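K.L.:
Protein sequences appear in the order of chains A and B.
Okay, so the first sequence: first residue is 74 according to our numbering, each after it adds one.
Okay, so the second sequence: first residue is 248 according to our numbering, each after it adds one.
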Amino acid sequence: MLRPSLARDIVLGILVIAILALIPALVPSKAFQDFVIRVAAMALFATSLNLLVGYTGLTSFGHGMFYGLGTYSFALLMQKTSLSLPMAFLLTLLITAATATVVGAICIRLRLIYFAFVTLAMQMLLHSIIISWVGLTGGDQGLQGGIPRRVVAGFDLGNQHTLYLASGVVLVIGLIAMRHVVASTFGTSLRMIRDNEARAAFLGIVVWRVKLAVFVLSAMFAAVGGVVTSLFVSGAYPELINWPISGDAIFAIVLGGIGSFLGPLVGTIMLTVLNDVVTRTTEYYGLALGIIILVFALGLRRGVVDFVTERLGFRPSGGVS
Amino acid sequence: MLEVQSLTKRFGGVAAMTDVSLSFESGSLTAIIGPNGAGKSTFFNLMSGAIVPDSGQVVFNGENITGLNRAAIVRRGIGRAFQVASFFPSMTVAENLMAAIAAHRGQWGDLAHSFPRQGVRTRALEVADLLGLADESDTLSAKLSHGDQKLLDIALALALDPTALLLDEPTAGMGPEERWQMIEKVQRLWAQQRLTLVFIEHDMDIVFSIASSIRVLCYGRVLAQGTPDEIRANPAVIEAYLGTPETDEPA
Ligand SMILES: Nc1ncnc2c1ncn2[C@@H]1O[C@H](COP(=O)(O)OP(=O)(O)OP(=O)(O)O)[C@@H](O)[C@H]1O
Ligand SMILES: [Mg+2]
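Below you can see the structure in the form of structure tokens.
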């Protein structure tokens with residue numbers, strides 16, 4: 074069934090893609106295209122994490138493992154098999170879903186801090202496997218040798234401009250899909266569990282199934298971000314699966330706003346701009362970022378989008394406030 | 248009929264429930280009384296599947312439901328409301344009820360359709376109306392008055408079309424006047440919906456005025472059961488409970 078807001082989301086998405094398509098004609102800037110590709114990958118990852126953190130109340134510190142797994146699975150499938158790019162993409166989603174089912178089955182029954190730390194530990198484990206399996210993954214050096222067979226239906230994803238547009242399209246589709254998830258009855262079950270897990274169970278919701286399902290779903294969306302990154306960097310390297318990457322996504326959510334669907338996207342844009350500006354002007358990136366996060370956390374006490382929507386008198390959609 | 252046989256539950260060293268056997272006729276209105284810590288809430292937790300008894304059975308309409316999970320027990324028609332109102336604070340009254348109805352209709356895992364599906368809102372407003380919450384349907388539940396939050400909690404249980412309803416201190420934390428309003432609503436609901444209704448209550452005036460039957464729990468055991476007149480005249484109850492200054496304090 075088509076809901077009115079879905080039609081609106083689709084129109085909005087097409088508009089965004091049209092604008093992205095126009096920009097290079099007006100201001101041809103390779104740096105801007107790079108920026109959009111990086112934002113697309115990271116925003117898919119951060120928004121997927123917010124399905125867990127903001128909508129379900131499951132604070133994962135290890136969500137980056139699925140983003141990283143997306144980069145490695147995809148790059149390896151392209152290098153070591155003769156699968157076409159779309160097939161490798163689908164198989165990457167399947168591998169991620171299978172991994173997330175196992176990790177999720179272990180983690181979702183844990184409460185709060187234990188859930189956070191066990192997910193973190195899982196990511197560290199996966200990271201160390203990647204580092205030590207040098208024969209397959211290239212270890213510390215990362216996966217080199219590039220991504221072959223990048224031409225899909227006549228579009229060469231090795232071409233930066235094409236990849237830029239494709240990333241925009243993937244981001245828009247991913248966001249609309251996640252938006253649909255939170256607007257579904259399943260999405261309402263997520264909010265019920267976040268608000269009051271015991272009561273949700275008393276109303277007939279089988280809580281562990283919903284948690285496992287959203288854990289796996291969000292992992293798959295994170296992996297989509299990973300695939301975009303893999304195409305962008307032409308491979309995969311250990312930093313993409315190491316635990317600070319999970320921290321980046323959490324920062325993006327906190328900056329943009331946990332209570333708004335687009336909060337993580339806005340947070341990602343802010344974080345990426347910040348990263349580019351700050352690293353160009355000072356080597357104290359971590360310090361600058363820390364101060365900015367503190368200003369948001371202590372000053373606004375919420376992310377930018379949450380702050381603005383509240384000022385305008387709207388109730389945050391996924392709100393925890 | 249809702250029935251428990253030799254129900255026993257220990258929490259570490261605390262014997263919260265010891266060999267309790269009780270039954271509630273279909274369509275009856277029963278009050279459970281007993282001092283703080285008597286095991287009243289524990290009794291509800293055991294019947295609704297929140298906790299599993301160490302031994303004994305819960306039987307509902309002839310079926311042994313001991314050890315079933317909460318969802319399975321709800322599906323069989325036992326609904327409950329809580330001593331501390333329990334609902335979804337980030338949602339409005341209508342959203343709370345729609346969420347409950349969708350869950351009850353088995354739509355909780357539905358990714359394909361948007362929320363709420365057809366008919367859910369209409370039913371939610373009907374349920375809100377049953378409890379006099381229709382005017383508040385678009386109010387954020389976290390912002391409701393305490394009394395309305397208790398009503399919403401009961402409405403959530405009712406949204407599941409229960410045949411048996413367990414209300415844990417529906418008047419907890421209310422002033423005298425509000426208590427009577429609440430209890431009148433509960434009584435009306437019981438009559439309209441033909442429910443098997445069991446409620447926990449500390450206020451003796453309320454208990455004696457509306458319950459057709461009373462069960463007294465004390466230290467996890469059944470101290471007495473009978474009609475209001477029988478309970479009033481029961482020496483053990485007078486000594487253990489009514490004799491001491493009445494506690495109106497909800498815990
Ligand atoms: N989950 C639990 N874990 C440990 N002890 C518990 C638990 N639930 C109840 N108890 C203990 O069991 C006893 C009975 O508690 P219960 O809440 O059932 O009493 P109650 O009759 O509802 O009291 P009140 O009138 O204060 O609500 C108390 O001693 C309580 O501390
Ligand atoms: Mg109690």
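Cβ atoms here follow ideal geometry from the backbone N, Cα and C, with glycine treated the same way.
This structure is a prediction, so every number in the text was calculated from the model and none was measured.
What I want to know is whether the C-beta of residue 285 (chain B) ends up closer than 7 Å to one or more non-hydrogen atoms of ligand 1.
P.N.:
Numbered from its first residue, the second sequence carries residue 285 (chain B) at position 38. Yes, ligand 1 has a heavy atom inside 7 Å of this Cβ.
K.L.:
When DSSP labels each residue in this structure, what does residue 393 (chain A) get in the three-state scheme?
P.N.:
Your numbering for residue 393 (chain A) matches position 320 in the first sequence. Confidence in residue 393 (chain A) is poor, its pLDDT being 37 and thus under 50, which makes the residue's placement unreliable; the coordinate value appears in the next sentence. Residue state, collapsed to three classes: coil.
K.L.:
What three-state label does DSSP hand residue 361 (chain B) in the structure shown?
P.N.:
Walking along the second sequence from the start, residue 361 (chain B) turns up at place 114. Here residue 361 (chain B) sits in strand by DSSP.
K.L.:
Mind listing the chain A neighbours of residue 338 (chain B)? Cutoff is C-beta to C-beta under 9 Å, in chain order.
P.N.:
As a first step, residue 338 (chain B) is located in the second sequence; it is residue number 91 there, counting from the start. Residues of chain A passing the Cβ test: 261, 264, 265, 268.
K.L.:
Less than 8 Å between C-beta atoms, sequence neighbours within five positions excluded: which residues of the same chain meet that for residue 480 (chain B)?
P.N.:
What you label residue 480 (chain B) is simply residue 233 of the second sequence in a count that begins at 1. Hits under 8 Å: none found.
K.L.:
Compare the beta carbon distance of residue 328 (chain B) and residue 381 (chain B) with 8 Å and say whether it is the shorter of the two.
P.N.:
Counted from its first residue, the second sequence places residue 328 (chain B) at position 81. Counted from its first residue, the second sequence places residue 381 (chain B) at position 134. The answer is no: Cβ separation not under 8 Å.
K.L.:
Keeping to the same chain, check which residues put their C-beta closer than 7 Å to that of residue 478 (chain B); ignore five residues upstream and five downstream.
P.N.:
The residue given as residue 478 (chain B) occupies position 231 in the second sequence. 461, 463, 471, 484, listed in sequence order.
K.L.:
Going by C-alpha to C-alpha distance, which of B:412, B:272, B:271, B:256 sits closest to residue 265 (chain B)?
P.N.:
Position 18 of the second sequence, counted from the start, is the residue given in the question as residue 265 (chain B). Measuring from the Cα of residue 265 (chain B), the nearest candidate turns out to be B:256.
K.L.:
Check the Cβ of residue 374 (chain B) against every Cβ in chain A and list those closer than 9 Å, keeping chain order.
P.N.:
Taking the second sequence and counting its residues from 1, the one referred to as residue 374 (chain B) is at position 127. Here the premise fails: no neighbours, minimum Cβ distance about 13 Å.
K.L.:
From A:238, A:318, A:287, pick the residue whose C-alpha is nearest to that of residue 138 (chain A); which is it?
P.N.:
What you label residue 138 (chain A) is simply residue 65 of the first sequence in a count that begins at 1. Looking at the Cα atoms, A:318 is the closest of the given residues.
K.L.:
By the 10 Å Cβ neighbour count, where 16 or more other Cβ atoms means buried, how is residue 153 (chain A) classified, buried or exposed?
P.N.:
Mapped onto the first sequence, residue 153 (chain A) falls at position 80. Residue 153 (chain A) comes out exposed.
K.L.:
How about residue 415 (chain B): is its Cβ closer than 7 Å to a heavy atom in ligand 2?
P.N.:
What you label residue 415 (chain B) is simply residue 168 of the second sequence in a count that begins at 1. Yes, since a heavy atom of ligand 2 falls inside the 7 Å radius drawn around the Cβ of residue 415 (chain B).
K.L.:
Using beta-carbon positions only, say whether residue 293 (chain A) and residue 116 (chain A) come within less than 8 Å of one another.
P.N.:
Counting from one through the first sequence, the residue named residue 293 (chain A) turns up at place 220. Counting from one through the first sequence, the residue named residue 116 (chain A) turns up at place 43. It is not a contact, given that the beta carbons lie outside the stated cut-off.
K.L.:
Using 8 Å as the threshold, is the C-beta distance between residue 459 (chain B) and residue 256 (chain A) below it?
P.N.:
Position 212 of the second sequence, counting from 1, holds the residue named residue 459 (chain B). Position 183 of the first sequence, counting from 1, holds the residue named residue 256 (chain A). No, these two residues do not count as a Cβ contact at 8 Å.
K.L.:
For a test of the three-state rule: what should DSSP assign to residue 264 (chain B), helix, strand or coil?
P.N.:
Here residue 264 (chain B) is taken as the residue at index 17 of the second sequence, counted from 1. Of the three classes helix, strand and coil, the one that applies to residue 264 (chain B) here is strand, per DSSP.
K.L.:
When you compare only the Cα positions, how much space is there between residue 339 (chain B) and residue 396 (chain B)?
P.N.:
For the purposes of this step, residue 339 (chain B) is taken as the residue at position 92 of the second sequence. For the purposes of this step, residue 396 (chain B) is taken as the residue at position 149 of the second sequence. Approximately 11 Å, taken between the alpha carbons.
K.L.:
Buried or exposed: residue 498 (chain B), going by 16 or more other Cβ atoms within 10 Å of its Cβ?
P.N.:
As a working mapping, residue 498 (chain B) is identified with position 251 in the second sequence. Interpretation of residue 498 (chain B) is limited by its pLDDT of 44, a score under 50 that renders its predicted location unreliable; the figure taken from the coordinates is listed afterwards. Exposed is the call here.
K.L.:
So, is the C-beta of residue 249 (chain A) closer than 8 Å to a C-beta in chain B?
P.N.:
Sequence index remark: in the first sequence, residue 249 (chain A) carries index 176 (1-based). So no, residue 249 (chain A) is outside the interface.
K.L.:
Residue 278 (chain A) versus chain B: which residues are under 8 Å apart at the beta carbon?
P.N.:
Against the first sequence, residue 278 (chain A) aligns to sequence position 205. What residue 278 (chain A) touches in chain B: 318, 350, 355.
K.L.:
Compute the beta-carbon to beta-carbon distance between residue 345 (chain A) and residue 111 (chain A), rounded to the nearest angstrom, for a pair I have assumed lies under 8 Å.
P.N.:
Within the first sequence, residue 345 (chain A) is the residue found at index 272, counting from 1. Within the first sequence, residue 111 (chain A) is the residue found at index 38, counting from 1. With 8 Å as the limit, residue 345 (chain A) and residue 111 (chain A) qualify as a contact, their Cβ atoms being about 6 Å apart.
K.L.:
Compute the minimum distance between the beta carbon of residue 295 (chain B) and the heavy atoms of ligand 2, and state whether it is under 7 Å.
P.N.:
Along the second sequence, one-based indexing puts residue 295 (chain B) at 48. It does not: the Cβ of residue 295 (chain B) is nowhere closer than 7 Å to a heavy atom of ligand 2.
K.L.:
Please list, in chain order, all residues of the same chain as residue 343 (chain B) whose beta carbon is under 7 Å from its beta carbon, the five residues on each side excluded.
P.N.:
By one-based count along the second sequence, residue 343 (chain B) stands at place 96. If we look at residue 343 (chain B) and ignore the five residues flanking it on each side, its Cβ neighbours are 334, 335, 388, 399, 403.
K.L.:
Can you tell me where the beta strand (DSSP E) holding residue 256 (chain B) begins and where it ends?
P.N.:
Translated into the one-based positions of the second sequence, residue 256 (chain B) becomes position 9. Note, residue 256 (chain B): beta strand (DSSP E), 249 to 258.
K.L.:
State the DSSP-derived secondary structure class of residue 376 (chain A), mapped to helix, strand or coil.
P.N.:
Stepping through the first sequence from its first residue, residue 376 (chain A) is reached at position 303. Coil, per DSSP.
K.L.:
How about residue 333 (chain B): is its Cβ closer than 7 Å to a heavy atom in ligand 2?
P.N.:
Residue mapping note: residue 333 (chain B) aligns to position 86 of the second sequence, counting from 1. The answer is no for residue 333 (chain B).
K.L.:
Mind checking whether residue 330 (chain A) and residue 378 (chain A) have CB atoms under 8 Å apart?
P.N.:
Taking the first residue of the first sequence as 1, we reach residue 330 (chain A) at position 257. Taking the first residue of the first sequence as 1, we reach residue 378 (chain A) at position 305. Contact flag set, yes.
K.L.:
Nearest chain A C-beta to residue 368 (chain B) closer than 8 Å, yes or no?
P.N.:
Residue mapping note: residue 368 (chain B) aligns to position 121 of the second sequence, counting from 1. Judged by the 8 Å Cβ criterion, residue 368 (chain B) is not in contact with chain A.
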